[in-house]
Each structure stands twice: as C-alpha cells, then as structure tokens.
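Visitor: Every position in the sequence shown, counted from 1, becomes a number in this note's numbering once 3 is added.
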Amino acid sequence: MATVEPATGSNRDARLDALYRRLDAHDMAPYWAVSTENENDEDAQILKAGKARPYVWKYNDIEPILYEAAELITMDDSERRSVVLVNPGLAPVRATVTTLYTAYRLNDPREIMPPHRHSINAVRIGLTGASNFTGVEGEDIVFGPGDLVLTPADAWHNHGNRGDDFAVNVSVLDLPLTEVLNAASFEHRYEEDGVAKSEQTARFADDHSSRVYGQGGLLPRFVDHGRGAGRSSPMYVYRWESTRELLEKFRDHDGSPYDGIAVEYTDPTTGRSPYPTMTFFGQLLRPGERTRPQRQNASLVCFPFEGSGHSIVDGERLDWQQFDAIAVPGNSWFEHVNGSDSEDAILFVVSDEPTLSTLGFLRRFGKTDSGEVVRLV
Ligand SMILES: [Fe+2]
Numbered sequence: 004m005a006t007v008e009p010a011t012g013s014n015r016d017a018r019l020d021a022l023y024r025r026l027d028a029h030d031m032a033p034y035w036a037v038s039t040e041n042e043n044d045e046d047a048q049i050l051k052a053g054k055a056r057p058y059v060w061k062y063n064d065i066e067p068i069l070y071e072a073a074e075l076i077t078m079d080d081s082e083r084r085s086v087v088l089v090n091p092g093l094a095p096v097r098a099t100v101t102t103l104y105t106a107y108r109l110n111d112p113r114e115i116m117p118p119h120r121h122s123i124n125a126v127r128i129g130l131t132g133a134s135n136f137t138g139v140e141g142e143d144i145v146f147g148p149g150d151l152v153l154t155p156a157d158a159w160h161n162h163g164n165r166g167d168d169f170a171v172n173v174s175v176l177d178l179p180l181t182e183v184l185n186a187a188s189f190e191h192r193y194e195e196d197g198v199a200k201s202e203q204t205a206r207f208a209d210d211h212s213s214r215v216y217g218q219g220g221l222l223p224r225f226v227d228h229g230r231g232a233g234r235s236s237p238m239y240v241y242r243w244e245s246t247r248e249l250l251e252k253f254r255d256h257d258g259s260p261y262d263g264i265a266v267e268y269t270d271p272t273t274g275r276s277p278y279p280t281m282t283f284f285g286q287l288l289r290p291g292e293r294t295r296p297q298r299q300n301a302s303l304v305c306f307p308f309e310g311s312g313h314s315i316v317d318g319e320r321l322d323w324q325q326f327d328a329i330a331v332p333g334n335s336w337f338e339h340v341n342g343s344d345s346e347d348a349i350l351f352v353v354s355d356e357p358t359l360s361t362l363g364f365l366r367r368f369g370k371t372d373s374g375e376v377v378r379l380v
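(1) Flag T154 as yes when its Cβ comes closer than 7 Å to any non-hydrogen atom of ligand 1, and as no otherwise.
(2) Is A199 helix, strand or coil when you go by DSSP?
(3) Since V226 and V215 should fall inside the 8 Å C-beta cutoff, what is the C-beta to C-beta distance between them, to a whole number of angstroms?
(4) Kindly identify the DSSP beta-bridge partner or partners of L287.
(5) Between which two residues does the alpha helix (DSSP H) carrying N14 extend?
(6) From L288, R298, R56, G333, pick the residue whose C-alpha is nearest to that of G312; which is it?
(7) Should A125 be listed as close to ligand 1, given that the test is whether its C-beta is under 7 Å from any heavy atom?
(8) Hey, would you say Y268 sits closer than 8 Å to P277, going by beta carbons?
(9) Provide the residue span of the alpha helix (DSSP H) that contains Y70, from first to last.
(10) Looking at ligand 1, does it come within less than 7 Å of H119, judged from the CB to the closest heavy atom?
(11) Here's the rule I'm using: 16 or more other beta-carbon atoms within 10 Å means buried, otherwise exposed. How should G220 be labelled?
(12) Output needed for N300: all residues of its chain with C-beta closer than 7 Å, excluding positions within five of it in sequence on either side, in chain order.
(13) With Y107 and V171 assumed to form a contact (beta carbons below 8 Å), what rounded beta-carbon distance in angstroms separates them?
(14) Provide the residue(s) that pair with H313 in DSSP beta bridges, ordered along the chain.
(15) Reducing DSSP to helix, strand and coil, say where V218 ends up.
(16) So V126 and S188 are supposed to be a Cβ contact under 8 Å. How far apart are they, rounded?
(17) Work out the CA separation of G263 and D344 for me, nearest whole Å.
(18) Using 8 Å as the Cβ pair cut-off and three pairs as the minimum, do the segment 107-125 and the segment 305-325 touch?
(19) To the nearest angstrom, how far is the alpha carbon of A208 from that of E244?
(20) Can you look up V37 in the DSSP assignment and give me helix, strand or coil?
(21) Mind listing, in chain order, the continuous beta strand (DSSP E) runs of no fewer than 3 residues lying wholly within the segment 70-142?
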C-alpha cells in the first residue's frame, strides 16, 4: 500500500507554493488552512466572496444626475434612463444588496414607454410628482409619493408619466436573485390579438386594485384573483395614505423595541408577502426613537420618506434624509435612530425575508438592554 510521508524542512514552503499555482492553473482551490493567524481559516475562505457593505446613497447626489441624464439621453436614445445603485462591496455586479437591485428614474412629462415583461418581480415607489404612471396587465395606475406599484413576474407593464411635470420614482427588483438562479429573462414584443402594440389597452378600471382589495378582511367572490402568474399579490397598487394612516393609529403603541412601529404589506388574498421573494414595510420611528440593535440574514434597502436620522450598520454611522437609500446587508448588526425630538421619521423598507423564510434560512438576533444577544427568529 502506498504511503504519504509528511514533508518537512525548507522545501515544504516551495512545494506548497508550487501546489497553489497548480491548483490555480487547473481552476481548483484548496480547502485547508493557509493562514495560521486566522482561526477557522478554512471557513473564512469559503465565506470571503464579495459581500454587500453598509452604504447610503444620497438623494441630493441622485436627483441632479437624473436631471442631467434626462437632458443627455432622450427616449430615442434609450427607452431606459435609470440610475442604478451599485453596492461598493458587490461591484461590478449591479446589486444594491445581495439579492436586490435598486434604480431611480426621472420621467419626462407625458412620456410613456412601450410595454415589456420579465421573470423578475419589481416594484415602483413614487417619490416626486403626482403623475408617475405604470400600466400593469391592463390596469392603468397613476401614482404619487409613497405609493407602491407592483409589476410581478411575467406581468406586462409599461411605465411613464401622465402629467405635465417631471416625476421621479424608485424601483426595486429581485434581479440579482433571479440571476443567481439563472431565472432572469425579458420580453419586449407586446401583442394584442396577434398585433404588436406600443401601449396596453386598459382592461380594468383605474381603481381596480383599491376597489377590489382596499377593504381589509373582505374580498369580492365574483372577481378573478389569479392575475399575472398567480404567485404574487393581485393588488397592484398600495397607496401611501393607507400605510401612513395605519402607522398613525399605532403611534401610542409600544411597538417593537427592534423595529418601532412597523407594518407589513400583504397579499390580501393570502395574508402573505406580496411577492414570494420580497416583502415591504412602513416603519415609523417616533421623535427621538432609537431601535435596539438587531442582526438578521435578510437584506434590506430602506428609503426614508419622512424626517431624518441615522442608522448604525456594523458600526458604521449612515446619516439619512428624505429619499436616500440605505443598504443594510444581511448579517449586519443595525439600529435606526430618529434624529429629531419633534418630527417623525418614516422608512419604507424592502426586504428579501420571504426568500429566506421559504427556504428555512431566516435567522434574526437582537441585543437586550443589557447587551445580551437573543435569538428572535
Ligand atoms: Fe419592467
């Protein structure tokens, strides 16, 4: 039987170096400790792939770039004219956190882009202007600040602006997740009765979503709720007014020490998250409120809609104000602070939590007042 004699002496280092070069040349990697300074170095190696970093993008930087791009890039140059938030820890991959992609968009007055669809789930949230427009599967939705519009996987949609003023919105997509799963695809030829069309014909009343789904706890039985691919909420627009009203109702409630007063958007037909991959929260931080530190493996992108404050994410202080975007990477410790003693701060939060909980991976930890770490989920 062949035996292996442990190498000793000075030529061990030279042989190891040569072995690492051979592994590299053959597209292989070692899985053993290569550094004695690092405890569990083997695990550190397999975990050291590019990681999203805590980061804040300032709307003060984004907005002038959007207007500059609008002057330089017309609809004739490109149907798309968005500014994508690229996490410095993940670049050149266009991702804001590991699983989520964020893009800001300025729509010129009266511009409407042609319909398209994709396997990716997406949402648009109005920021400025009252006339952002998205047509989804024949429902024409005009939306303003804070309104959330769903464009689910495989649903035909077209974006634009129905008004005479400029309008800015932000979209969040589960694109990086679908890319990892080899599941991202796009279609641009929209047809009705076999004829290509540049705009969708309205097939539902403009207020279909609010009329059918706007009364919590009640559903019309004569309406088909299986819109789109049937895996997402059939309610395609959630108005900010309802979120704001519910947050206000719970202002005096203790709330959660980790999240303040947070409400979750749901699919009214199932009570589950609007998408299998993403969920959304409105989060009220009352004047002076500071959430306790928590760490979860869900990744978040948070958009302050009202007020100002700061978050501490893995020890890094990120100051924010209205319409900024904050990347809270999965597994980072974070806390939010409303910096004002008199004004509310409200965050709109996008989370990939449903993906993790469906797969049985979701974990959440919190720190108690005494600093003890407790498992929350
Ligand atoms: Fe789209």
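Glycine included, every Cβ here is placed at the ideal spot set by N, Cα and C.
Guide: According to the structure shown:
(1) yes
(2) strand
(3) 5 Å
(4) I264, I349
(5) 14-28
(6) L288
(7) yes
(8) yes
(9) 62-75
(10) yes
(11) exposed
(12) G333, N334, L359, F364, L365, R366
(13) 7 Å
(14) D322, V340
(15) A quick correction: the sequence has Gln, not Val, at residue 218. In the structure shown, Q218 sits in coil (DSSP, three-state: anything other than H, G, I, E or B).
(16) With a Cβ gap of about 19 Å, V126 and S188 do not count as contacting.
(17) 15 Å
(18) no
(19) 20 Å
(20) coil
(21) 85-87, 104-110, 125-131, 135-139
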